[in-house]
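Notes follow once the structure below has been shown.
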Amino acid sequence: MLANKEVLVMAGELFMHAVRQHGATLLPVDSEHNAIFQSLPADFGRGLAACGVEKILLTASGGPFRNTPLAELSGVTPDAACAHPNWVMGRKISVDSATMMNKGLEVIEAHWIFAAPPEMIQVVVHPQSVIHSAVQYADGSVLAQLGNPDMRTPIAYALAYPERVAAGVEPLDLFKIARLDFFEPDFERFRCLQLAYDVLREGGTASAILNAANEVAVAAFLDGRLSFLGIARLNEALLAALPARPEGSLEDVLAADIEARRLASQMILEKRFS
58 MLANKEVLVM
68 AGELFMHAVR
78 QHGATLLPVD
88 SEHNAIFQSL
98 PADFGRGLAA
108 CGVEKILLTA
118 SGGPFRNTPL
128 AELSGVTPDA
138 ACAHPNWVMG
148 RKISVDSATM
158 MNKGLEVIEA
168 HWIFAAPPEM
178 IQVVVHPQSV
188 IHSAVQYADG
198 SVLAQLGNPD
208 MRTPIAYALA
218 YPERVAAGVE
228 PLDLFKIARL
238 DFFEPDFERF
248 RCLQLAYDVL
258 REGGTASAIL
268 NAANEVAVAA
278 FLDGRLSFLG
288 IARLNEALLA
298 ALPARPEGSL
308 EDVLAADIEA
318 RRLASQMILE
328 KRFS
């Protein structure tokens, strides 16, 4: 079971090599990736295209600021950023959801778990958080996993796999839900999401640099040392300042992580971003 997306964001190539080397089955606990896993055929490891998969539809709520005017985002407070409309989560991941960096990290996670190229992973904003993700097939079918936003469901699935057990989750009432909405993500509003796609295409240690920079930026935002919009600005500046290197070993990844954290902290201390 894997419940920590950061290990794949930082060292996905190394981690998945170890999974394949030992003939293991990786069971994702993240609700979106768990939903994708459930929506794929059991033999998806032979290749998504070979299984008739055209696209992975990775859903996102859009966070608390999906409809907030861009001009107002500069004044976002930590408490406002942590008020997720659907999920009860910790402060760091709540901020990541507000910037959609969390969804960006999940794009990278999906790439490694399912061997999906970036262009095969489409983020779909779905405010109700009822469809946790879906898979689109060549014959026009779309298979999706639905449920109330409750982490007990994917946890129970992973623990009991391949069986099903009661998780104590309230059954989904489609009549109460009544409607499901879908929107394209705004990459101008959610710059962090675009950065995640960028580092995924770049490869090497780029995603480790982004992850480290973002962790430092979010901590500074929560401490009142960086603005909400400063998170994306700092992340982008770090990616421009630190060149990605091949992910040849765990030492390469850790070195990139350390250097990114050092430089990000220095930039915040020098107040380069508001």
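For the sequence shown, the positions run 58 to 331 when our numbering is used. By construction, the Cβ of each residue, glycine as well, lies at the ideal position given by its N, Cα and C atoms. This one's a predicted model, so the numbers in the text were calculated from it and none came from an experiment.
Alpha-carbon to alpha-carbon, residue j and residue i
i	j	result
Glu70	Gln185	33 Å
Cys139	Ile288	14 Å
Asp100	Val110	12 Å
Pro126	Phe247	12 Å
Tyr214	Val86	8 Å
Leu216	Lys112	27 Å
Asp196	Ser151	37 Å
Leu257	Pro175	7 Å
Leu59	Glu89	13 Å
Ala223	Pro211	11 Å
Leu65	Ser306	14 Å
Ile178	Leu115	7 Å
Ala313	Glu272	14 Å
Glu241	Leu200	19 Å
Ile165	Cys249	13 Å
Leu162	Leu326	26 Å
Pro135	Ala297	26 Å
Val275	Gly104	36 Å
Arg318	Gly147	21 Å
Thr82	His168	16 Å
Phe244	Gly120	14 Å
Ser154	Lys160	7 Å
Segment limits, alpha helix (DSSP H) that includes residue i
i	result
Glu259	Arg248 to Glu259
Lys233	Leu231 to Ile234
Met73	Glu63 to Gln78
Tyr214	Arg209 to Ala217
Phe122	Here Phe122 belongs to no alpha helix (DSSP H), and DSSP marks it neither H nor E.
Phe244	Per DSSP, Phe244 belongs to no alpha helix (DSSP H) and is neither H nor E.
Closest by C-alpha distance to residue i, when choosing among the options
i	options	result
Gly204	Tyr194, Ala269, Leu229 and Asn91	Leu229
Leu97	Tyr194, Ala128, Leu283 and Glu166	Tyr194
Ala173	Met73, His183, Gly132 and Asp153	Met73
Pro219	Leu307, Arg290, Met67 and Asn91	Asn91
Lys233	Pro135, Leu295 and Val187	Val187
Val133	Val310, Asn143, Phe278 and Pro242	Phe278
Ala107	Glu304, Asp243, Phe171 and Arg329	Phe171
Met158	Gly260, Leu286 and Gly80	Leu286
Gly260	Gly225, Ser284, Val310 and Ala276	Val310
Arg77	Gly102, Ala68 and Phe94	Gly102
Met324	Leu130, Leu299 and His189	Leu299
Simplified DSSP state of residue i, which is helix, strand or coil
i	result
Ala201	strand
His189	strand
Lys402	Any property of residue 402 remains undetermined from this structure, which presents the chain solely from 58 to 331.
Val310	helix
Ala195	coil
Pro300	coil
Ala117	strand
Leu291	helix
Pro174	coil
Pro135	helix
Leu320	helix
Leu286	helix
Boundaries (first-last residue) of the beta strand (DSSP E) holding residue i
i	result
Val180	Ile178 to Val182
3-residue-minimum beta strand (DSSP E) runs that sit fully inside the segment 138 to 164, ordered along the chain:
Runs of the beta strand (DSSP E) inside the segment 138 to 164: none found.
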